[in-house]
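Counting in the UniProt record's numbering, the sequence shown runs from 1 upward without gaps.
Ideal placement from N, C-alpha and C gives every residue a C-beta, glycine not left out.
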Amino acid sequence: MLDKLGCDKLKTLEYNESNKHKYLELKEKNSLDLYLGYCGMEKCLPSHSYGPAVRNNYLIHYIIDGEGTYYVNGQSYRLRKNQGFLICPNTLTYYKASKDNPWTYMWIAFNGIKAKKYLNYANLNEDNLIFEYTEDDSLEIYINRMFELNRMNYSNELEIQGLLYLFLSKLAMSKNENSLKRNNISDFYVEKAIEFMQNNYLNPNLKITDVANFVGLNRSYLTHLFKKSLKLSPQEFLLNYRINEATSLLKNTNLSVGTISKSIGYNDQLTFSKVFKKVKGISPKTYRDNFLK
């Protein structure tokens, strides 16, 4: 439902709702300091996932039931009811609901010149992406109230803006200096293996056996830890990392496909192109052409 009421400077919004999903989006942003982009709620199906994807706003998910896993910067966070996670702009993320106990979460996207400052008040930033809020039901109440304000007029616009500030203020009040870190540790070995691959992916002769030897585990056990933590094998992680690096070079440089191939650990351009197309569904050249359109 789209409502356009009042004068030209009044924000417009879009709202839709179903049994398992609610979504509200403001189409215009008149505040520079802090503004709402959109908010929503979803009761996810088992193993439902989103991403890998990059956002252009700050985005907070708050879990009101169930469990799932958030993957970012090579790390994984298994999360449950009353926990939440921050997605920062221009950061590649992926998250997935539990197969056995899928999460229901609410989300709120926002931006503005003071957004980063206000998040820091809540001890949320690029280095600390996870929080827990168990004080009361305020976070859920604030977003549900935004859904109720789905016919835009001046008073609703002001109330939505106020609810966004209240949402962040609740997080700031409950900030926990001992913020949750990654799940225990088998993750230590996964982290070290990822660091090794990120430092050596340019080497076309890099083998997963080399990675396993570096962290002091046999290959099969390292693969077990990766699949448990990231739902990926080390080989799949390395391939995805190389292809993500390739997409960045295709978008942000004028390097030839052959040069990019060598820059990410493929001596053979044809092999690189086949792998890239298998992952992305299109050739490197087509990917670049589509981006430049």
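For I63, there is no enclosing alpha helix (DSSP H); the enclosing beta strand (DSSP E) has its first and last residue at 58-65. Close CB contacts of L171 within its chain, under the 6 Å cut and outside five residues either way in sequence, are with A122 (chain order). In this structure, F167 lies away from A193, with their beta-carbon atoms at least 9 Å apart. Note: Q83 is bridge-paired with E132 in the DSSP secondary-structure output. Take M41, set aside five residues on each side of it, and the residues of its chain with a beta-carbon closer than 6 Å to its own are K22, M106, in chain order. For M173, the uninterrupted alpha helix (DSSP H) segment begins and ends at 154-173. For the pair S31 and K278, the Cα-to-Cα distance works out to about 43 Å. Assignment of alpha helix (DSSP H) within the UniProt domain "HTH araC/xylS-type" (191-290), counting only whole runs of 4 or more residues, yields 208-215, 219-230, 234-252, 257-263, 269-280 in chain order. Secondary structure at E148: helix, using DSSP grouped into helix, strand and coil. N16: not part of any alpha helix (DSSP H); member of the beta strand (DSSP E) spanning 13-17, first to last residue.
Excluding sequence positions up to five before and after R219, its CB lies within less than 7 Å of the CB of I208, T209, A212, all in the same chain and listed in chain order. In the displayed model, A115 falls within a helix according to three-state DSSP.
L24 sits in a strand when the DSSP states are folded into three classes.
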